[in-house]
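Residue numbers (the UniProt record's numbering), protein chains in the order written: chain A, 1 to 261; chain B, 1 to 261. From the three backbone atoms N, C-alpha and C, an ideal C-beta is built for every residue, glycine too. The structure under discussion appears below in the form of C-alpha cells.
There are 2 protein chains.
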Amino acid sequence: MATIWHNPAEFRQAVRQRRFTVPTAGQCPGYTQGNLAVLPHKYADAFLRFARLNLKSCPVIGMTEPGNSKVPELGDVDIKTDFPSYYVFHDGKRVAEVENLHDVWRDDLVGFVIGCSYSFEDALLDAGIPIRHIEQGTNVPMYITNIANGRAGDFAGNMVVSMRPMTPAQAIRAVQVTSRFPDVHGAPVHLGDPALIGISDIDAPDFGGRSLINSGEIPVFWACGVTPQEAIRSAGLPFAITHAPGHMVVTDIRNSHLAAF
Amino acid sequence: MATIWHNPAEFRQAVRQRRFTVPTAGQCPGYTQGNLAVLPHKYADAFLRFARLNLKSCPVIGMTEPGNSKVPELGDVDIKTDFPSYYVFHDGKRVAEVENLHDVWRDDLVGFVIGCSYSFEDALLDAGIPIRHIEQGTNVPMYITNIANGRAGDFAGNMVVSMRPMTPAQAIRAVQVTSRFPDVHGAPVHLGDPALIGISDIDAPDFGGRSLINSGEIPVFWACGVTPQEAIRSAGLPFAITHAPGHMVVTDIRNSHLAAF
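As C-alpha cells, then:
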C-alpha cells in the first residue's frame, strides 16, 4: 500500500504535484478528510437544504464563495487541486475523470467539502479495531442502499453506505467510537444482513473494492459521502464536479476537534 | 402483564406484604433495580475481587455490613424481604425457593446488591426501542455463554447474558443508550450469531422465558447479574442465597443518577 503521510499541508502539496494519486484511506492519521461536491451557484441553496435533511450522509464541513476555489476554514485548501482525482458531470452523465480543475473551472461554481468516513478510521484503529480495506490496501467498499434520502429541490436518491467487516464485539465498540464524531458520519446506520438495506451481493460493491468478510465477522455500514454525489448525478444538473470515490482532500482539522464528547 | 408501580418505597412495601410476587421487569420506570448475592462473611473478600474482575456482569451498587440486612445507600432496602423470590443454596445445590429470608438468616451473612440490566430498559424504551419480553409479559431470556469470567478465589465460571431482539438500527441506538450506564451492565457484549458465544439454541434460554425474534431482527446480548449467581453456585459454598432470576429489588436510586454522561 501507499506510503503514509502525516502532515496535511505537505500531503496536499504532494497531491498538487501529482506525487500522490491514489485513494487517501489511512493518510495523515488524526486529520479530517473531506468529500467534494461542486455545483453552479443556482443549485447551491437546494443542495444545502439537501445536506441539512441528510446530515448523516452529507455533513458539510466547509464551502467556498462562488467562483473562489479556496476553503480557508479547512486550511490552505484549494478544491481545484487538492483531491487526487475528480469526476466531471454534464447533464448527470460522467464525461471525464480529471487530475485537477484548472481546465473545467467556472466563475459561478460553489464547492462543498463534506465530512468523510475515512476520518474516523484512525479513531477505530486507536481503539484496536482493524480496518480490512486498509489491511488489504484497497478502496473501502460502498453500496447504494434502499434507504431513501430526504428530498430538496432536484436532490433525492438513496443513501450510499461504506462497509467495514468486524466481529460483533468490535462492532459494538465501533458504535461507541464513531458516535463521538457526528460531523464525519457518526454511528453506523446498519449492521448484519445486507439484504435488509437492499444490498443483494456484499461481494459486489457499487463503488470501491471488495473487503473480505472472515468467519465470525459481520458487515457494519456507515452513511457515506458518496450519497450526495449520487444525488447530484441523479439530479441531472447541466454541470457538476465531485471527487472520485476514495480520493479525498486531507484538511488541517484534527478529528479530535470534531469529537462531540 | 402485572400492574406498573411507580414509587420504589411503595413497591417494596408491596413486595414485603406479598402483594407483588412476580418478575420485576418494567416496574418503577426510572429507578435502578438490583440483583442479590448473600454469602457468609469469610467468602466476601474473594467475591468482591471477583466483582472487580468482572465489572460488566457484576457491578456492585450496594452491600451490607455482616449480619445486617439493610442497605441504606439504596434507600429503605432490606435484603431479607424486598425481593419477590429467593433461592437458597447448600454446597452449591439449590435447596429451596423462599419468599423472604427470615427463616434462613444468619449473623455471618453479607449481602451484595448488583446492578441489573432491567434498569436500563426504561432508557431503551425512552429511546423508542421496544423490549420484546416486556411486550410479551415474560421474563427476559438469559443464557450461559462460553465467555470465561476472571477467577477470584473459588469464584469463576462463564458469563451469563440477557438477550433482547431488535432491528440492527435499534441495536446501534441501544449500544449508544446503554453505554451511558456502566453501573447497570453498560453496552452489549455481543450481537448477532448466538453460536459465536456458545449459545446453541436461542429458543431455549437457560433462565427466563423465550423472546420471539422477528424477521429482520437480531439478538443483542448484555452481561447479566445472574453471572455472579452462577459463579456462587459453581463455587459450591456451604451456604449462599441469591434472588430468583428476574425477581429484583427496586432501589431509590434513579437510573439517571447512574448515567456516566
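query, result
"Residue burial classification, residue 128 of chain A (beta-carbon count within 10 angstroms, cutoff 16)", "exposed"
"For residue 272 of chain B, the three-state DSSP class (helix, strand or coil)", "Absent from the model: residue 272 of chain B. The displayed extent of chain B is 1 to 261, so no value can be given."
"Contact the stretch 78–95 of chain A vs the stretch 191–206 of chain A: 3+ CB pairs below 8 Å", "no"
"Beta-bridge partners of residue 162 of chain A, as assigned by DSSP", "A:142, A:222"
"Span separating the alpha-carbon of residue 162 of chain A from that of residue 117 of chain A", "8 Å"
"Nearest-angstrom Cβ-Cβ length linking residue 31 of chain B and residue 180 of chain B, presumed shorter than 8 Å", "That pair is no contact at about 16 Å."
"Rounded C-alpha distance that separates residue 141 of chain A from residue 183 of chain B", "38 Å"
"Residue from B:109, B:113, B:137 with nearest C-alpha to residue 43 of chain B", "B:109"
"CB of residue 123 of chain A within 9 Å of CB of residue 178 of chain A, strictly", "yes"
"Three-pair Cβ contact test at 8 Å for the stretch 130–146 of chain A versus the stretch 47–60 of chain A", "no"
"Selected residue, minimal CA-CA separation from residue 228 of chain A, among A:193, A:164, A:46", "A:46"
"At least 3 beta-carbon pairs within less than 8 Å: the stretch 207–221 of chain A vs the stretch 55–67 of chain A", "no"
"Endpoints, beta strand (DSSP E) assigned at residue 252 of chain A", "249–254"
"As assigned by DSSP and simplified to three states, the class of residue 45 of chain A", "helix"
"Residue 119 of chain B, buried or exposed, once every other Cβ within 10 Å from all chains shown has been counted against 16", "buried"
"Neighbourhood of residue 187 of chain A by C-beta distance below 7 Å, restricted to the same chain and skipping five residues each side", "175, 178, 179"
"Cβ distance (whole Å) where residue 246 of chain B is taken to contact residue 14 of chain B below 8 Å", "Not confirmed; about 17 Å, so no contact."
"Test: residue 239 of chain B CB closer than 9 Å to a CB of chain A", "no"
"Per-residue burial, residue 236 of chain A [other beta carbons within 10 Å of its own, 16 or more giving buried]", "exposed"
"Opening and closing residue of the beta strand (DSSP E) in which residue 38 of chain A lies", "31–40"
"Exposure label - residue 59 of chain B; buried when at least 16 CB within 10 Å", "buried"
"For residue 93 of chain B: DSSP bridge partner residues", "B:90"
"Spatially closest choice to residue 155 of chain B from B:17, B:234, B:239, by CA coordinates", "B:234"
"Cβ-based neighbour list, residue 12 of chain A, same chain, cut-off 6 Å, excluding 5 preceding and 5 following", "82"
"Top-ranked residue by Cα proximity to residue 89 of chain B, from B:38, B:145, B:204, B:219", "B:38"
"Residue 219 of chain A beta carbon less than 9 Å from that of residue 165 of chain A", "yes"
"Span separating the alpha-carbon of residue 7 of chain A from that of residue 21 of chain A", "16 Å"
"Cutoff 8 Å; reference residue 102 of chain B; Cβ partners in own chain excluding five residues on either side", "80, 81"
"CA-to-CA distance, residue 239 of chain A to residue 40 of chain A, given in whole angstroms", "7 Å"
"Reduced DSSP category for residue 227 of chain B - H, G, I as helix; E, B as strand; rest coil", "helix"
"Close-in-space but distant-in-sequence residues of the same chain around residue 266 of chain A (CB under 7 Å, 5 per side omitted)", "Because chain A is modelled from 1 through 261, residue 266 of chain A falls outside the range shown and cannot be assessed."
"Whole-number beta carbon distance between residue 192 of chain B and residue 114 of chain B, since they are thought to touch under 8 Å", "Between residue 192 of chain B and residue 114 of chain B the Cβ distance is about 27 Å, and since that is not below 8 Å, they are no contact."
"Straight-line Cα distance separating residue 121 of chain B from residue 126 of chain A", "31 Å"
"Straight-line Cα distance separating residue 207 of chain B from residue 250 of chain B", "20 Å"
"C-alpha gap between residue 62 of chain A and residue 71 of chain A, whole angstroms", "6 Å"
"Within-9 Å CB hit, residue 17 of chain B to chain A", "no"
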